[in-house]
Amino acid sequence: MLKSISRFFAAINGYQRPGELAAGAACGVILGVLPGGNASWWILFIVFALVKINKGAMILVMLLFMWLASSLDPLLHSLGYGILTAPALNPLFTRMASLPLVPLTRFNNTLVMGGLAAALPLWLISYAVFRLLVKFYRSYIRDTIIRPRLLPWIKRVPILRHMYRALEILFGAGEGVWRS
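Pasting the structure below:
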């Protein structure tokens, strides 16, 4: 997990495509909003692990949204309750409940159904936002963080030079980004 997170910081400062970073973060939003411990969460997790996205971004954003998800629970509950009690969908849910293995997805839980219903709009919005954030970071912020004017003086102080080298190793040396 720490390796994935350190790769995320190397990727955001490196040359990985913004779409891969944004897709990883958007998938993390979905996994963070859905309640864990059911088959639907694990199926999505396995699918996201198999596609080409930044796994570090997915894990970081997933952990953040798991922490923030309790504030979204009333909204997801209302959405899921509305879907599960819709008379037009009652035959579909009755049929799904009688199928083998489908009840393991806990689709009849209001939070799970609300999270699944909100997943596509959340993915699209968060993908667009994270892609813009990555481009903004790389255009305006990265160079001020990576190549500050104090860098030559920082490298002259022995303890700071060692810390700088450790950061290079941890966050992706060799990609030419942390070099002065």
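Take the sequence shown: its position 92, counting from 1, is numbered 98 in my numbering, and each next residue is one higher. Backbone N, C-alpha and C define an ideal beta-carbon position, used for all residues, glycine too.
Put simply, the segment 67-74 does not touch the segment 94-108. Fewer than three CB pairs are less than 8 Å apart. Membership of L128 in the alpha helix (DSSP H) is indicated by the continuous run 116-142. In the displayed model, P41 falls within coil according to three-state DSSP, outside both helix and strand. In the three-state reduction of the DSSP assignment, T111 falls in the helix class, which pools H, G and I. A straight line joining the alpha-carbon of W48 with that of T111 spans about 9 Å. Proximity to S77 across V39, G34, G88 peaks at V39, based on C-alpha coordinates. Look at A75 here: in three-state DSSP terms it is helix. The residues A28, A29, A32, in chain order, have a CB closer than 7 Å to that of Y133 in the same chain once the five nearest residues on each side in sequence are set aside. Between K58 and E26, the alpha-carbon positions lie close to 7 Å from each other.
Nearest C-alpha to A92 among P80, P164, K9, T116: T116. The beta carbon of L90 sits closer than 8 Å to those of F99, N114, T116, M119, all from its chain and outside the five residues before and after it, given in chain order. In the structure shown, the three-state DSSP call for T100 is helix.
Nearest C-alpha to L37 among I165, W129, R171: W129. Pairing E174 with F14, the inter-Cα distance amounts to about 14 Å. S46 counts as buried, since at least 16 other C-beta atoms from the protein chains shown sit within 10 angstroms of its C-beta.
The alpha-carbon separation between A103 and P80 amounts to approximately 24 Å.
Contact between L69 and A124 is absent: CB atoms are separated by about 19 Å, not below the 8 Å threshold.
Inclusion of Y143 and I65 in the CB contact set at 8 Å is not warranted, their separation being larger than that value.
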